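Numbering (my numbering), first residue to last: 1378 to 1558.
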Amino acid sequence: MKKSKVIINFLIRFFVTYFILLGIYAIYTRYTQEKGVVFSCDPITRTVAHQAETFGKWLGYNTSIEQNENELSMKFFIDGEYVARVVEGCNSISVIILFITFIIAFKGSPKATILYIVFGSLLIYGVNIARVFLLSLWMHQYPQYQYVLHNLIFPGIIYGTTFLLWVVWVNHFSHLKRKKS
1378 MKKSKVIINF LIRFFVTYFI LLGIYAIYTR YTQEKGVVFS CDPITRTVAH
1428 QAETFGKWLG YNTSIEQNEN ELSMKFFIDG EYVARVVEGC NSISVIILFI
1478 TFIIAFKGSP KATILYIVFG SLLIYGVNIA RVFLLSLWMH QYPQYQYVLH
1528 NLIFPGIIYG TTFLLWVVWV NHFSHLKRKK S
């Protein structure tokens, strides 16, 4: 009976946290992106595109971005060539929401939980900036591998990072680990 109570509490924390964060994010995107005569991405997506552009420049590449006039995306250019579009799904917020949800569901001490959420979210965000630039660069250099790069390799990077952070959390910081010890 105690095991099923633990599982039920985990599921309640998981789904309540997930739907609250998802709801907040849905409201945010609804009020910060423009669709209609003028298209304008939400500020986080614009920031991710700008930071990926800056990262590329820092590495010595001729990168630039601009708002796509025909859809909710930022155009990403390398050497003046339009190589990729950065859309809301590229900004890592959905992955960060999933990460936070899992950490809260596998609760630890309040201090450890807050610090790990901040550290992990920043790490995921940073990895995502590099991912957006590298995906754009490699799609520019290897356009024949666009499908594999976009749908397999680069999602594996962001989800793999998140999975490793979850494993570290469960094995070192969550109350589940303390109960086993």
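For glycine and all other residues, C-beta sits at the position ideal for the given N, C-alpha and C. Note that the structure is a prediction, hence the values are computed from the model and not measured.
- With a contact defined as Cβ atoms closer than 8 Å, T1431 and D1419 miss out at about 19 Å.
- Taken in chain order, the whole beta strand (DSSP E) runs of length 3 or more contained in the segment 1407 to 1455 are 1440 to 1444, 1451 to 1455.
- By the Cβ neighbour-count rule, W1546 is buried, with 16 or more other Cβ atoms within 10 Å of its own.
- DSSP, read as helix, strand or coil, puts Y1524 in helix.
- The beta carbon of Q1523 is closer than 6 Å to those of M1516 in its chain, skipping five residues each way along the sequence.
- Measuring C-alpha to C-alpha distances from Q1428 to each of E1443, N1386, I1385 identifies E1443 as the nearest.
- Contact check for S1551 and K1484: beta-carbon distance about 7 Å, within the 8 Å limit, so the pair qualifies.
- Per DSSP, Y1459 lies in no alpha helix (DSSP H) segment; the continuous beta strand (DSSP E) that holds it begins and ends at 1458 to 1463.
- Counting C-beta atoms within 10 angstroms of its own C-beta, N1505 has 16 or more neighbours from the protein chains shown and is therefore classed as buried.
- The C-beta separation of V1509 from V1472 comes to about 13 Å, leaving the pair out of contact by the 8 Å criterion.
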